[in-house]
Amino acid sequence: MSFTVHGLPVSQGIAIGHAHLVSHALFEINRYHVAPRHIAAELERFDNAVASVEGELLGLKAAATAAQPHSEVGAFIDLQRMMLEDPVLVEAARARIEEHHCNAEWALVQQMEMVVEQFRQIEDPYLRERQADVVQVVERLVKTLLGDPGHLPPRRKDGLGTVVVAHDLSPADTIGFRDHIAGFVTDIGGPTSHTAIVARNLGIPAVVGLHHIRDLLHNNELIIVDGTRGIAIIDPDESIVEEYLLRRAALELERSKLKRLRDTPAATLGGELIQLYANISGPQDMGQLKETNADGVGLFRTEFLFIDRDTLPDEDEQYEIYRTVLKAAAGKPVTARTFDIGADKTLANSARDEPNPALGLRAIRYSLAEPKLFLTQLRALLRASTHGKLQIMVPMLAHADEIEQTLTLIEKAKEELREEKIKFDEALPVGGMIEVPAAALALGMFVRRLDFLSIGTNDLIQYTLAVDRGNEAVVHLYDPLHPAVLRLISGIIQAGGRASLPVSLCGEMAGTPAYTPLLLGMGLRSFSMHPAHIFGIKQQILRADLADLTPKVQRILKLDEPARIREAMEKLTGA
Ligand code: PEP
Ligand code: MG
Numbered sequence: 019m020s021f022t023v024h025g026l027p028v029s030q031g032i033a034i035g036h037a038h039l040v041s042h043a044l045f046e047i048n049r050y051h052v053a054p055r056h057i058a059a060e061l062e063r064f065d066n067a068v069a070s071v072e073g074e075l076l077g078l079k080a081a082a083t084a085a086q087p088h089s090e091v092g093a094f095i096d097l098q099r100m101m102l103e104d105p106v107l108v109e110a111a112r113a114r115i116e117e118h119h120c121n122a123e124w125a126l127v128q129q130m131e132m133v134v135e136q137f138r139q140i141e142d143p144y145l146r147e148r149q150a151d152v153v154q155v156v157e158r159l160v161k162t163l164l165g166d167p168g169h170l171p172p173r174r175k176d177g178l179g180t181v182v183v184a185h186d187l188s189p190a191d192t193i194g195f196r197d198h199i200a201g202f203v204t205d206i207g208g209p210t211s212h213t214a215i216v217a218r219n220l221g222i223p224a225v226v227g228l229h230h231i232r233d234l235l236h237n238n239e240l241i242i243v244d245g246t247r248g249i250a251i252i253d254p255d256e257s258i259v260e261e262y263l264l265r266r267a268a269l270e271l272e273r274s275k276l277k278r279l280r281d282t283p284a285a286t287l288g289g290e291l292i293q294l295y296a297n298i299s300g301p302q303d304m305g306q307l308k309e310t311n312a313d314g315v316g317l318f319r320t321e322f323l324f325i326d327r328d329t330l331p332d333e334d335e336q337y338e339i340y341r342t343v344l345k346a347a348a349g350k351p352v353t354a355r356t357f358d359i360g361a362d363k364t365l366a367n368s369a370r371d372e373p374n375p376a377l378g379l380r381a382i383r384y385s386l387a388e389p390k391l392f393l394t395q396l397r398a399l400l401r402a403s404t405h406g407k408l409q410i411m412v413p414m415l416a417h418a419d420e421i422e423q424t425l426t427l428i429e430k431a432k433e434e435l436r437e438e439k440i441k442f443d444e445a446l447p448v449g450g451m452i453e454v455p456a457a458a459l460a461l462g463m464f465v466r467r468l469d470f471l472s473i474g475t476n477d478l479i480q481y482t483l484a485v486d487r488g489n490e491a492v493v494h495l496y497d498p499l500h501p502a503v504l505r506l507i508s509g510i511i512q513a514g515g516r517a518s519l520p521v522s523l524c525g526e527m528a529g530t531p532a533y534t535p536l537l538l539g540m541g542l543r544s545f546s547m548h549p550a551h552i553f554g555i556k557q558q559i560l561r562a563d564l565a566d567l568t569p570k571v572q573r574i575l576k577l578d579e580p581a582r583i584r585e586a587m588e589k590l591t592g593a
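Read in my numbering, the sequence shown has 42 at position 24, and its numbers run on one by one without any break.
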C-alpha cells in the first residue's frame with residue numbers, strides 16, 4: 019500500500035527508483051514480512067550475500083598470508099569461512115526465512131543469537147570465545163545484505179534507478195555514490211548540512227529528516243523522492259508513478275526554458291549589473307560554468323576534492339587540479355577557498371575525535387594547526403595562479419591572528435617559490451569568509467587586512483543562532499530571516515561598501531530566489547551559488563527594481579518581530 023512520509027527538501031528534483039538500505043548500525047535490524055511470492059528472491063539475496071562474504075574472506079586471507087606467510091591470521095579467517103558453511107548458522111537461517119516469511123537479516127541475527135547462547139554454555143574458554151567469530155561473520159553478512167556504500171547494486175534493467183535509504187550519510191558517502199544513484203533519503207540531516215550541499219552539487223534529488231524511514235520500507239521496494247516538496251512516497255501505485263514521471267518531465271522542461279537566460283545579462287530593471295558566480299567542488303563542475311555562463315567561480319570548496327581519501331594529495335597533484343579549474347575558467351576569476359576540513363568534513367583516516375567539532379579545529383584553525391599541509395596547498399595554489407585569475411579565500415575567520423598567520427604563510431610560500439624561480443601571480447588577492455558572528459561584528463580588523471569578503475550564510479546562521487546546520491531536530495530554529503542574522507548580513511555589506519572592498523555572498527541564501535530581492539535591497543551586488551540556481555536567480559534580478567526595493571528592505575532591517583518580518587518579506591517577493 020502506498021504511503022507518503024514528510025521530511026526536509028534539500029536537493030530539488032524527482033527520483034523514482036528501488037530502495038537500497040544502507041546501515042551503519044549493524045544490529046539495528048528490523049523484521050519485515052516477506053510475501054510468499056518473494057521468498058525465493060529473499061533466499062537468493064541471502065545466498066548471494068553468503069557467496070560474496072566467502073569471496074571477501076578468501077581475498078582477505080590471500081592478502082594476509084602474502085604479507086605475513088607464517089601468521090595465524092589465515093587460520094582464523096578459515097575458521098570464519100567454515101562458519102559460513104555451518105548448517106547450524108546458514109542452513110538454519112535459510113529455514114527461518116522460509117518458515118517465518120521474514121527478511122534475511124532478521125533470520126540471520128535470530129539464528130546468531132541462538133548459536134552464541136550455545137557457545138556461552140561451553141566450559142572450555144577457548145571454544146567459548148569462538149562466539150566472537152560467529153558474531154563477526156554475521157556482521158559481515160548483515161552488512162552485505164543491507165549494503166554499505168561500497169556495495170551498491172548493479173544498474174537495473176527496468177530503467178529505474180537506485181534510491182539510497184540511510185540513517186545518515188557523510189559527504190564522503192554521498193560523493194562515493196555520485197554516478198550510481200537516482201536519489202537519497204535519510205533519517206537525519208538539515209538543508210545546509212554538507213551532505214545536502216553535496217547532493218545539490220551533484221544534482222541528486224534528496225529528502226532528509228525523515229526520522230525512521232529505514233524502518234518503513236525494505237530493500238528493492240519502489241520509492242519516489244520528491245526533493246522539491248520534501249516527501250518520499252513508498253510503494254507508489256501505478257497512477258502515482260505516472261504522475262511523477264509527468265512531473266519529472268515538466269521540471270526538465272522548466273529547466274530547459276530557464277536555459278534561454280544564459281546569455282541575457284544579469285541586470286536589474288534600472289540596468290545595474292549583478293555578478294553571478296558559481297560554487298564548485300572540483301574540475302568536474304567546470305562544464306556547468308560554461309553552461310550557465312557564470313561570471314566565474316565564487317567558491318571552490320577545495321576540501322571536497324580530498325574528503326573521501328585517507329590523505330591529502332601532494333603539491334603536484336593539487337597543482338594539476340587547480341590548474342585544470344583555472345584553465346576551464348578561461349580568464350574568469352576563480353576563488354579557491356583553502357581547506358575547510360573539520361566539523362562534518364573529515365579526512366577518511368582522521369584520528370581527531372572532537373566532542374564539539376563545529377566549534378573545534380575546523381577550517382582555518384585546522385590549516386594553521388597543520389602548517390605543512392597548509393603550506394603545500396598555498397604553494398600549489400600560487401603555482402597554479404599563472405594559469406588564470408585566481409584569488410585565495412580563507413574560511414571561518416574569527417581572529418586577526420588567523421589572518422596574520424595566513425598572510426605570513428602565503429608570504430613564506432611566495433618566498434620559497436621565488437627562490438626556486440617558479441612563477442606565480444605576485445598580486446594574487448586574498449579574501450576571507452565572514453561566517454562567524456564575531457568577525458561580522460568586528461569587521462574592521464579583516465577589512466584592513468584583506469582584498470575581498472564573502473559572506474558564508476550557512477555557517478553565519480548556524481553560529482549566530484547556535485543551531486547545528488546538520489541536525490534536523492533543531493532545523494525549525496535555523497532561520498535565515500532572524501533579525502539578528504539579517505542585521506549581521508546587512509552590516510557586512512555596508513562595512514565592505516564603506517571600505518570599497520568587494521563583498522559577495524556564497525551561502526545557500528544566494529541561490530534561493532525568495533531571498534534575492536532582500537539581498538539586493540541590502541546592497542549585495544555579487545552572488546555565488548550552485549550553478550543549477552543561476553538562471554532562477556537571474557530571473558529574479560531581471561524583475562528587480564532597486565529604487566523600490568532598497569527603502570523597503572531598510573525598513574525590514576528595523577523590524578524585530580518575526581511575524582512582521584515575514585509579512586514584509588511576502589510583500590517584497592510578491593508571494
Ligand atoms: C557557508 O558557510 O555559507 C559556506 C558557503 O561554506 P560551507 O557551506 O562550505 O561551510
Ligand atoms: Mg562555511
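Just so you know, even glycine gets a beta-carbon here, dropped at the ideal spot from N, CA and C.
Following the DSSP letters along the chain, one finds Thr204 inside the beta strand (DSSP E) bounded by residues 201-204. By the Cβ-count criterion, Lys589 is exposed, with fewer than 16 other Cβ atoms from all chains shown falling within 10 Å of its own Cβ. With a cutoff of 7 Å on beta-carbon distance, Arg99 and Leu78 are scored as not near each other.
Burial check for Lys277: the Cβ neighbour count within 10 Å stays below 16, so the residue is exposed. Going by DSSP, Tyr262 is part of the alpha helix (DSSP H) stretching over 256-276.
Linking Thr534 to His551 through their CA atoms gives a straight-line distance of about 12 Å.
Any heavy atom of ligand 2 within less than 5 Å of a residue's beta carbon puts that residue on the list, which reads Glu453, Gly474, Asp477.
Inclusion of Gly525 in the 6 Å shell around ligand 1 follows from its C-beta lying nearer than that to a non-hydrogen atom of the ligand. Met132 is classed as exposed because its beta carbon has fewer than 16 other beta carbons within 10 Å across all chains shown.
Taking Leu61 as reference, the option from Ala111, Val40, Leu26 with the minimal CA-CA separation is Ala111. Straight-line measurement puts the Cα of Ala416 at about 12 Å from the Cα of Leu377. In the structure shown, Pro27 adopts extended strand secondary structure according to DSSP, grouped into three states. Under the DSSP assignment, Val225 falls in the beta strand (DSSP E) whose first and last residues are 224-226. Proximity to Gln512 across Leu393, Leu538, Lys441, Ala296 peaks at Leu538, based on C-alpha coordinates.
In the DSSP assignment, Ala284 is bridged to no other residue.
The stretch 211-218 and the stretch 499-518 do not touch, with fewer than three beta-carbon pairs separated by less than 8 Å.
Within the model, the alpha-carbon separation for Ala33 versus Glu109 is close to 38 Å. With contacts defined as CB atoms closer than 7 Å, Ala565 and Thr286 fail to qualify as a contacting pair.
Under the three-state reduction of DSSP output, Leu39 falls in the strand class.
According to DSSP, His51 shares a beta bridge with Cys120.
Three or more Cβ pairs drawn from the stretch 346-353 and the stretch 313-327 lie within less than 8 Å of each other, which places the two stretches in contact. Residue burial annotation: Gln572 is exposed, with fewer than 16 other C-beta atoms found within 10 angstroms of its C-beta. Val412 and Leu471 have their C-alpha atoms some 9 Å from each other. The straight-line gap separating the alpha-carbon atoms of Ile258 and Val493 is approximately 29 Å.
The beta-carbon separation of Ser546 and Asp253, rounded to 41 Å, does not stay under the 8 Å limit for a contact.
Note on geometry: alpha-carbon atoms of Glu123 and Phe195 lie some 23 Å from one another. Beta-bridge annotation (DSSP): Tyr295 is paired with Ser546. With a threshold of 16 other beta carbon atoms within 10 Å, Ala445 falls short and is exposed. Taking 7 Å as the cut-off, the Cβ atoms of Glu453 and Asp477 count as close. In terms of Cβ geometry, Thr180 and Thr213 do not form a close pair [threshold 7 Å]. In the displayed model, Leu365 falls within coil according to three-state DSSP, outside both helix and strand. Distance from the CA of Arg466 to the CA of Leu506, rounded to the nearest whole angstrom, comes to 19 Å. For the pair Ala312 and Lys556, the CB atoms are not nearer than the 7 Å cut-off.
A straight-line Cα-Cα distance of about 18 Å links Leu542 and Lys576.
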